[in-house]
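Participant:
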Amino acid sequence: MNTEEEALRFVRSGHQEFLPHVAIDSVIFGYHDQQLKILLLRVKGHNSWALPGGFIRRREPLTQAAYRILQDRTSLKDLYLQQFYTFGDTSFRVKETSAEEFADKYGLDVEEGTWLLERTLSIGYFALVDYSKVTVKTDFFTDAYQWCDISELPPLLFDHNDVVEKALATLRLQIYHQPIGYNLLPEKFTLPEIHVLYETILGKELDRRNFPKKLLALGLIKKLDEQRHIGAHRSPFLYQFEKENYDKALQEGIVHAY
Numbered sequence: 004m005n006t007e008e009e010a011l012r013f014v015r016s017g018h019q020e021f022l023p024h025v026a027i028d029s030v031i032f033g034y035h036d037q038q039l040k041i042l043l044l045r046v047k048g049h050n051s052w053a054l055p056g057g058f059i060r061r062r063e064p065l066t067q068a069a070y071r072i073l074q075d076r077t078s079l080k081d082l083y084l085q086q087f088y089t090f091g092d093t094s095f096r097v098k099e100t101s102a103e104e105f106a107d108k109y110g111l112d113v114e115e116g117t118w119l120l121e122r123t124l125s126i127g128y129f130a131l132v133d134y135s136k137v138t139v140k141t142d143f144f145t146d147a148y149q150w151c152d153i154s155e156l157p158p159l160l161f162d163h164n165d166v167v168e169k170a171l172a173t174l175r176l177q178i179y180h181q182p183i184g185y186n187l188l189p190e191k192f193t194l195p196e197i198h199v200l201y202e203t204i205l206g207k208e209l210d211r212r213n214f215p216k217k218l219l220a221l222g223l224i225k226k227l228d229e230q231r232h233i234g235a236h237r238s239p240f241l242y243q244f245e246k247e248n249y250d251k252a253l254q255e256g257i258v259h260a261y
């Protein structure tokens with residue numbers, strides 16, 4: 004929906020293609036400069052920021068819809084994606100928007116009771132992406148984007164701060180179950196890089212000697228013959244995830260390995 008005509012058609016008759024009252028909100032995590040970041044979009048007319056989201060087509064499987072919405076926003080396929088919560092209890096979700104308010108924000112004339120203005124439940128998904136590979140797309144309803152550090156989030160629209168808080172709590176829990184680092188780090192990395200990543204996500208310090216030893220002992224990462232030359236007398240070895248072993252370890256239920 005890049006034009007006013009497309010947006011107006013979506014608002015007036017989108018319920019014929021999409022399920023009304025149910026949407027998807029996506030918390031897209033990226034990792035850059037030792038910071039965990041979240042993708043935000045600026046919503047036109049609000050001059051405020053919100054999470055990327057979208058609606059589910061009537062004959063579309065839920066997970067397929069989540070992947071489609073993420074690909075539309077990031078241009079990436081085959082992302083790590085996980086459903087984590089359903090939102091609908093707060094006043095932000097219960098309150099309906101009037102047609103007049105909608106017209107003031109977006110410049111679109113719509114009738115009262117239009118499907119898009121009614122109460123909507125949201126299914127939360129979080130995704131883990133390679134920050135450097137993302138190409139963000141905006142549309143008629145959004146006019147800018149930013150990657151925001153998780154510790155510096157502004158007040159977001161609706162209940163999206165609550166959505167981010169729940170997604171982060173789930174991510175921290177899943178770090179013991181899922182291949183989180185595999186999705187956020189480049190293919191080859193140093194031990195300090197993976198150590199800092201996990202400390203950043205967890206928000207706490209990890210033992211610098213035991214942490215890599217446990218990863219190596221579990222066969223989750225392997226040492227390569229390559230080194231990264233970063234200065235005089237500084238050429239740390241590179242490491243790589245053993246994806247097959249990682250998946251096997253997850254299936255067998257290894258938890259709290261770190």
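Using my numbering, the first residue of the sequence shown is number 4, and each one after it goes up by one.
The beta carbon of each residue, even a glycine, is placed where N, CA and C say it ideally should be.
If you check the beta carbons only, do A69 and L159 fall under 7 Å apart?
Facilitator: Reading the sequence shown from its first residue, position 66 is the one you call residue 69. Reading the sequence shown from its first residue, position 156 is the one you call residue 159. No, Cβ-Cβ distance for A69 and L159 is not below 7 Å.
Participant: What do you reckon, are the CB atoms on Q149 and L39 nearer than 7 Å?
Facilitator: Taking the sequence shown and counting its residues from 1, one reaches residue 149 at position 146. Taking the sequence shown and counting its residues from 1, one reaches residue 39 at position 36. Going by C-beta atoms, Q149 is not nearer than 7 Å to L39.
Participant: Could you tell me the alpha carbon to alpha carbon distance between Q19 and D165, rounded to whole angstroms?
Facilitator: The count along the sequence shown starts at 1 and reaches residue 19 at position 16. The count along the sequence shown starts at 1 and reaches residue 165 at position 162. Those two C-alpha atoms are separated by around 30 Å.
Participant: Please classify H35 as buried or exposed, where buried requires at least 16 neighbouring CB atoms within 10 angstroms.
Facilitator: Taking the sequence shown and counting its residues from 1, one reaches residue 35 at position 32. By the neighbour-count rule (16 or more Cβ atoms within 10 Å), H35 is not buried but exposed.
Participant: What's the gap between the Cα of W118 and the Cα of G206?
Facilitator: For the purposes of this step, residue 118 is identified with residue 115 of the sequence shown, where counting begins at 1. For the purposes of this step, residue 206 is identified with residue 203 of the sequence shown, where counting begins at 1. Cα to Cα, W118 sits roughly 41 Å from G206.
Participant: With H, G and I counted as helix, E and B as strand and the rest as coil, what does DSSP make of F143?
Facilitator: Within the sequence shown, the letter at position 140 stands for residue 143. Coil at F143, not helix or strand.
Participant: Should P64 be labelled buried (16 or more other beta-carbon atoms within 10 Å of its own) or exposed?
Facilitator: Within the sequence shown, the letter at position 61 stands for residue 64. The residue is exposed, with fewer than 16 neighbouring Cβ atoms inside 10 Å.
Participant: Please report the Cβ distance between R231 and T203, rounded to the nearest whole angstrom; I am assuming they are in contact, meaning their Cβ atoms lie under 8 Å.
Facilitator: Here the question's residue 231 lines up with position 228 in the sequence shown. Here the question's residue 203 lines up with position 200 in the sequence shown. R231 to T203, Cβ: 20 Å. No contact.
Participant: Between which two residues does the alpha helix (DSSP H) containing F105 stretch?
Facilitator: Start at 1 with the first residue of the sequence shown, and residue 105 comes out as number 102. Note, F105: alpha helix (DSSP H), A102 to Y109.
Participant: Check for me: the beta strand (DSSP E) holding F90 runs from which residue to which?
Facilitator: Stepping through the sequence shown from its first residue, residue 90 is reached at position 87. From DSSP, the beta strand (DSSP E) with F90 extends over Y83 to F90.
Participant: Quick one: give me the first and last residue of the alpha helix (DSSP H) that D228 is part of.
Facilitator: Taking the sequence shown and counting its residues from 1, one reaches residue 228 at position 225. Here D228 belongs to no alpha helix (DSSP H); instead the beta strand (DSSP E) covers I224 to Q230.
Participant: Quick check: the Cα distance between K79 and T138, rounded to an integer number of angstroms?
Facilitator: Here residue 79 refers to the residue found at position 76 when the sequence shown is read from its first residue. Here residue 138 refers to the residue found at position 135 when the sequence shown is read from its first residue. Per the sequence presented here, residue 79 reads as Leu, with Lys not at that position. Spanning the two alpha carbons is a distance of roughly 8 Å.
Participant: Which class does I178 belong to by DSSP, given the choice of helix, strand or coil?
Facilitator: As a working mapping, residue 178 is identified with position 175 in the sequence shown. Of the three classes helix, strand and coil, the one that applies to I178 here is coil, per DSSP.
Participant: For D146, collect the residues of the same chain with a Cβ closer than 7 Å to its Cβ; drop the 5 residues on either side in sequence, then sort them by chain order.
Facilitator: Working through the sequence shown from its first residue, we reach residue 146 at position 143. Excluding positions up to five away in sequence, the list reads R45 and K47.
Participant: Do Q243 and K225 have their C-beta atoms closer together than 7 Å?
Facilitator: Here residue 243 refers to the residue found at position 240 when the sequence shown is read from its first residue. Here residue 225 refers to the residue found at position 222 when the sequence shown is read from its first residue. Yes, the Cβ-Cβ distance between Q243 and K225 is below 7 Å.
Participant: Taking the alpha carbon of K246 as the reference point, which residue from L200, P195 and Y185 has its own alpha carbon closest?
Facilitator: Translated into the one-based positions of the sequence shown, residue 246 becomes position 243. Closest by alpha carbon: Y185.
Participant: Are L73 and L131 close, meaning C-beta to C-beta below 7 Å?
Facilitator: As a first step, residue 73 is located in the sequence shown; it is residue number 70 there, counting from the start. As a first step, residue 131 is located in the sequence shown; it is residue number 128 there, counting from the start. Going by C-beta atoms, L73 is not nearer than 7 Å to L131.
Participant: Please state whether the Cβ-Cβ distance between V30 and F144 is less than 7 Å.
Facilitator: Numbered from its first residue, the sequence shown carries residue 30 at position 27. Numbered from its first residue, the sequence shown carries residue 144 at position 141. Cβ distance not < 7 Å, so V30 and F144 don't count as in contact.
Participant: Assign Q172 to buried or exposed, taking buried as 16 or more other Cβ atoms, counted over all protein chains shown, within 10 Å of its Cβ.
Facilitator: For this step, residue 172 is matched to residue 169 along the sequence shown. Position check: residue 172 holds Ala in this sequence, whereas Gln was assumed. Under this definition A172 is an exposed residue.
Participant: What are the partner residues of R15, as DSSP defines its beta bridges?
Facilitator: Locating residue 15 in the sequence shown gives position 12, where the first residue counts as 1. Partner(s): none; R15 has no beta bridge.
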